[in-house]
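S.K.: Below is a structure I'd like to ask you about.
There are 2 protein chains.
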Amino acid sequence: MIRALLVDDHQLFGEGVRSMFKPNDGIEIVKITTNGNNVPSILSELEVDMILMDISMPLIDGVGVLELMKSKGLDVPVLMLTMHQDMKYIRKTLETGAQGYILKDASKAELTEAIVKVSRRENYFHPKINNQIFDYFRGNKNPSEGDLVDQISDREKEIIACIGKGMNSKAIAEALFISEHTVKTHRRNIMHKLAVKNTAELVTYSMEKGII
Amino acid sequence: MIRALLVDDHQLFGEGVRSMFKPNDGIEIVKITTNGNNVPSILSELEVDMILMDISMPLIDGVGVLELMKSKGLDVPVLMLTMHQDMKYIRKTLETGAQGYILKDASKAELTEAIVKVSRRENYFHPKINNQIFDYFRGNKNPSEGDLVDQISDREKEIIACIGKGMNSKAIAEALFISEHTVKTHRRNIMHKLAVKNTAELVTYSMEKGII
DNA sequence: TTCACGATACCACTTTAGGGGTATGCGCTC
DNA sequence: GAGCGCATACCCCTAAAGTGGTATCGTGAA
């Protein structure tokens, strides 16, 4: 029997998954929590073989919980359970040490397989995102092909956020206490880094990639 | 026993909810479909007391299914089940005739209550969105306060999509086989309707509201 | 210690967006 | 059938974005 902890802010989903597993499935959701911050204390109280965790949660997100666990030396395999197919999330979770990644539109059979594999510390990637994983590792060998997003500095992200709010270069300059020239230079650098043609595409790209 | 049909593209969620209800709960998910287009044929085969439906689905969305049902004269009460707390979705579903609206982070007790009420053709609104509903009806008396989004015509949405892709007015004109002047007029109208200052804000707003 | 990078700043220039009008034809509704 | 919204199209003009440079300073890595 695999003892699993479920971390998901959607109560319905959590209770649903719990009742989905019958005793002879070999999987039991021993605890559900909607607050990732509780994970360390739960792990100290309960014996848990693996953690099923949603990525996007209000108080602390999946990646945050992974980091929290790592900082406390808690080493329980984690299967990320999410709707997001974006490389941004997949990448972050894998980098932070998740054992697997499965989409919420998976079937019960797929989830079962994923839970079993992850509890054995094997990797599981949902078929739909397997190709993206390969692309990611390929991209890693060619840094030029790597994700454009993390070439953006914090200051540049500030600029992007202002642009998204509809501020023009002058307004941004005043808000950040810098010259309008500097803002324009930043804009240019950002556009080159993200390989976009104009502000509109810059905003679209930034929102899709979660910069904004 | 309330016989419910569940329409959700997330298999896991669907199977989870199904197994959540035990015989003595008085609720049975008699069928799960991931494709809303199948709803009419399912209703002709099975006796169903109410429909639990996700709003955002790939092939046909919840509102689309409601419209499809209405066009075929199918009158089964529908409880919308979703993560979206946006007024945009709530409003559309209510306007199209949904009986209730519940968030996916509800508890089993709340879902049960909602299903029972909806099956009796009573309304159910998740507590979290009740206030928004009131605001909506208040807003209805003041049409100026209404949602800006649905003042946007289909053509204008096309223009917005092109802008988001980084196309300039000339490129959009060529793509849509219209004059650049027309595109500029559209842009102006859109910006006025959405009350935004420039393209960047237009893109941000449109993405947040789901126009793009 | 040199070298790369980020943040800052400036100049000059072209292109595009944005705002002011006005207008016409089409389909729908009251 | 008058009015309304929508898509279409054109005019003029200003403000802003976007493109080409160059340059200084500080910090942290090789």
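Chains as they are written, first to last, in our numbering: chain A, 1 to 212; chain B, 1001 to 1212.
Every residue gets a Cβ at the ideal spot worked out from N, C-alpha and C, and that includes glycine.
Note that the structure is a prediction, hence the values are computed from the model and not measured.
For a contact defined as C-beta to C-beta under 8 Å, what are the partners of Glu1201 of chain B on chain A?
M.R.: Indexing the second sequence from 1 puts residue 1201 of chain B at position 201. Per Cβ cutoff of 8 Å: Gly164, Lys165, Gly166.
S.K.: For a contact meaning CB atoms closer than 7 Å, what does Asn198 of chain A contact in chain B?
M.R.: As a working mapping, residue 198 of chain A is identified with position 198 in the first sequence. Within 7 Å Cβ-Cβ: Gly1166, Asn1168.
S.K.: According to DSSP, is Thr185 of chain A helix, strand or coil?
M.R.: Here residue 185 of chain A refers to the residue found at position 185 of the first sequence. Helix, per DSSP.
S.K.: Output needed for Glu67 of chain A: all residues of its chain with C-beta closer than 8 Å, excluding positions within five of it in sequence on either side, in chain order.
M.R.: Residue numbering aside, residue 67 of chain A sits at position 67 when the first sequence is read from its first letter. Correct list, in chain order: Thr96.
S.K.: Report all residues from its chain with a CB closer than 8 Å to the CB of Thr182 of chain A; omit the five preceding and five following residues, and keep chain order.
M.R.: Here residue 182 of chain A is taken as the residue at index 182 of the first sequence, counted from 1. Cβ within range, chain order: Ala173.
S.K.: For Ser1119 of chain B and Met1053 of chain B, what's the separation of their Cα atoms in angstroms?
M.R.: Position 119 of the second sequence holds residue 1119 of chain B. Position 53 of the second sequence holds residue 1053 of chain B. So the two alpha carbons sit approximately 13 Å from each other.
S.K.: Determine, using beta carbons only, whether Ala1175 of chain B comes closer than 8 Å to chain A.
M.R.: As a position in the second sequence, residue 1175 of chain B is number 175, starting the count at 1. Not closer than 8 Å to any Cβ of chain A, the Cβ of Ala1175 of chain B fails to qualify, so no.
S.K.: Less than 7 Å between C-beta atoms, sequence neighbours within five positions excluded: which residues of the same chain meet that for Val1030 of chain B?
M.R.: To locate residue 1030 of chain B, count along the second sequence from 1; it is residue 30. Arg1003, Ala1004, Leu1005, Leu1046, Val1048, listed in sequence order.
S.K.: How would you call Gln1011 of chain B, buried or exposed, if buried means at least 16 neighbouring beta carbons within 10 angstroms?
M.R.: Here residue 1011 of chain B refers to the residue found at position 11 of the second sequence. So Gln1011 of chain B ends up on the buried side.
S.K.: Could you tell me which of A:Ala109, A:Lys117, A:Arg121, A:Met80 sits nearest to Ile102 of chain A, measuring between CA atoms?
M.R.: Residue 102 of chain A sits at position 102 when you count from the first residue of the first sequence. The candidate whose alpha carbon is nearest that of Ile102 of chain A is A:Met80.
S.K.: Return the residues of the region 12-23 of chain A that lie within a Cβ-Cβ distance of less than 9 Å from chain B, sorted by chain order.
M.R.: Leu12, Phe13, Gly14, Glu15, Gly16, Val17, Arg18, Ser19, Met20, Phe21, Lys22
S.K.: Going by the beta-carbon positions, is the gap between Ser169 of chain A and Lys184 of chain A smaller than 8 Å?
M.R.: The count along the first sequence starts at 1 and reaches residue 169 of chain A at position 169. The count along the first sequence starts at 1 and reaches residue 184 of chain A at position 184. Yes, the Cβ-Cβ distance between Ser169 of chain A and Lys184 of chain A is below 8 Å.
S.K.: Going by beta carbon distance, what residues of the same chain come within less than 8 Å of Asn1198 of chain B, once the five residues before and after it are set aside?
M.R.: As a first step, residue 1198 of chain B is located in the second sequence; it is residue number 198 there, counting from the start. Met1191, listed in sequence order.
S.K.: To which residues does DSSP link Gly100 of chain A through a beta bridge?
M.R.: What you label residue 100 of chain A is simply residue 100 of the first sequence in a count that begins at 1. Paired residues: A:Leu79, A:Tyr124.
S.K.: Could you tell me the alpha carbon to alpha carbon distance between Arg1187 of chain B and Lys117 of chain A, rounded to whole angstroms?
M.R.: For this step, residue 1187 of chain B is matched to residue 187 along the second sequence. For this step, residue 117 of chain A is matched to residue 117 along the first sequence. Taking the straight line joining both Cα atoms gives about 52 Å.
S.K.: Of the residues A:Lys104, A:Arg121, A:Gly26, A:Glu201, which one's Cα is nearest the Cα of Gly164 of chain A?
M.R.: Position 164 of the first sequence holds residue 164 of chain A. With distances taken between Cα atoms, Gly164 of chain A lies closest to A:Glu201.
S.K.: Does the Cβ-Cβ distance between Arg1121 of chain B and Pro1077 of chain B come in under 8 Å?
M.R.: As a first step, residue 1121 of chain B must be located in the second sequence, where it is residue number 121. As a first step, residue 1077 of chain B must be located in the second sequence, where it is residue number 77. Yes. Within cutoff.
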